[in-house]
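Visitor:
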Amino acid sequence: MHCPFCRHPDSKVVDSRTTDDGAAIRRRRQCGSCGRRFSTLETTTIAVIKRSGVTEPFERSKIVSGVRKACQGRPVTEDDLAKLAQEVEEAVRSQGIAEIEAHEVGLAILQPLRRLDVVAYLRFASVYQAFNDLNDFEAAIDVLRQEQQVQAAGQQALVEEGGHAPRRSKRAAANTQAKTQTRGGKARESASAETQPAQERLL
Ligand SMILES: [Zn+2]
1 MHCPFCRHPD
11 SKVVDSRTTD
21 DGAAIRRRRQ
31 CGSCGRRFST
41 LETTTIAVIK
51 RSGVTEPFER
61 SKIVSGVRKA
71 CQGRPVTEDD
81 LAKLAQEVEE
91 AVRSQGIAEI
101 EAHEVGLAIL
111 QPLRRLDVVA
121 YLRFASVYQA
131 FNDLNDFEAA
141 IDVLRQEQQV
151 QAAGQQALVE
161 EGGHAPRRSK
171 RAAANTQAKT
181 QTRGGKARES
191 ASAETQPAQE
201 RLL
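Residue numbers are given in UniProt numbering: position 142 of the sequence shown equals residue 142, and the series is strictly consecutive.
Rendered as structure tokens:
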């Protein structure tokens, strides 16, 4: 693997540890030429089995490009797509399997896409689940409507609860803030540690 700073072909491992969830190994490496350090992350690859029987490695970029088409003209950012692809990968990896049918990857996309944008979801689902006619759309929209009603009722209940218990809602706000800070800290950490193509994968 090339040094991401100077492209020198050799580096030595100075530290190696398993990630908390045990799903990957992170290595700290030092370039033999420029001496700078960088990290690599070693994880198992997941093979996606297409209907034709051909397998290809699971890649977030393929999720993003597949979903991007359905999001054309919708208020969905590239960051939203990246987050969705990350969610899909986490869902797939959490199953602890080495192979997955392309069909199941599609299923894993539907839920997070529905939360992101219902129109994009309907577009994606109509192609992916091969909607045949208006009835299929109607059925899918009915499900969405019912869920939105349930959600709206839930939010209304929260608002009322908050009104009666201001102390509790303050604490909830503090919790949320703490979580955001933690997440921000982690994001910074990984952004500084991960340099360009520093991914190493088991084949
Ligand atoms: Zn170097």
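Beta carbons: idealized from backbone N, C-alpha and C, even for Gly. Source: prediction; values computed, not measured.
Output the residue ranges of the alpha helix (DSSP H) runs that lie fully inside the UniProt domain "ATP-cone" (46-136) and measure 4 residues or longer, sorted by chain position.
Guide: Listed in chain order, the complete alpha helix (DSSP H) runs (minimum 4 residues) inside the UniProt domain "ATP-cone" (46-136) are 60-70, 78-94, 102-116, 118-128.
Visitor: What is the rounded straight-line gap between the Cα of A91 and the Cα of A108?
Guide: Going from the Cα of A91 to the Cα of A108 covers about 7 Å.
Visitor: Do C71 and ligand 1 come close, with the Cβ less than 7 Å from some heavy atom?
Guide: Not under cutoff, so the answer is no.
Visitor: What does the alpha-carbon distance come out to for the pair Q72 and D80?
Guide: Approximately 13 Å between the Cα atoms of the pair.
Visitor: Residues near ligand 1, CB to any non-hydrogen atom under 5 Å, in chain order?
Guide: Qualifying residues come out as C3, F5, C6, H8, C31, S33, C34.
Visitor: Report all residues from its chain with a CB closer than 6 Å to the CB of V118; omit the five preceding and five following residues, and keep chain order.
Guide: So the qualifying residues of the chain are L144.
Visitor: Are there three or more Cβ pairs, one per stretch, closer than 8 Å when the segment 60-72 is compared with the segment 112-127?
Guide: These segments touch.
Visitor: List the DSSP bridge partners of V13.
Guide: R29, per the DSSP bridge assignment.
Visitor: Helix, strand or coil for R145, going by three-state DSSP, please let me know.
Guide: The answer is helix: DSSP assigns R145 an H, G or I state.
Visitor: Tell me, which residues are paired with A157 by DSSP?
Guide: Answer by DSSP bridge pairing: none, since A157 is not bridged.
Visitor: Please say whether R28 and Q15 have beta carbons closer to each other than 8 Å?
Guide: Strictly speaking, residue 15 in this sequence is Asp, with Gln absent from that position. Yes, Cβ-Cβ distance for D15 and R28 is below 8 Å.
Visitor: Is the separation between the beta-carbon of Y128 and that of G154 shorter than 8 Å?
Guide: Cβ distance not < 8 Å, so Y128 and G154 don't count as in contact.
Visitor: Looking at the unbroken beta strand (DSSP E) that takes in F5, where does it start and where does it end?
Guide: First-last for F5: undefined, no H or E at that position.
Visitor: Can you find the residues in the same chain that come closer than 7 Å, C-beta to C-beta, to E87, ignoring five residues on each side of it along the sequence?
Guide: Result list for E87: P112, in chain order.
Visitor: May I ask you to report which of helix, strand or coil DSSP gives A23?
Guide: In the structure shown, A23 sits in coil (DSSP, three-state: anything other than H, G, I, E or B).
Visitor: Leaving out the 5 sequence neighbours to the left and right, which residues in its chain are closer than 8 Å to F5 when beta-carbon positions are compared?
Guide: Closer than 8 Å at Cβ, skipping near neighbours: C31, C34, R36, F38, T195.
Visitor: Could you name the residues of the same chain whose beta carbon sits closer than 6 Å to that of K179, not counting the 5 residues immediately before and after it, in chain order?
Guide: Confidence is the limiting factor: at K179 the pLDDT is only 45, short of 50, which leaves the residue's position unreliable, though a coordinate-based value still follows. Excluding residues within five positions, none has a Cβ falling inside 6 Å.
Visitor: In whole angstroms, what is the alpha-carbon distance linking G22 and E104?
Guide: Distance between the alpha carbons of G22 and E104 is about 24 Å.
Visitor: If you count every other CB in all the chains shown that lies within 10 Å of the CB of T182, and 16 or more means buried, which is it?
Guide: Residue confidence for T182 is low, a pLDDT of 44 falling below 50, so the modelled location carries little weight and cannot support an answer.
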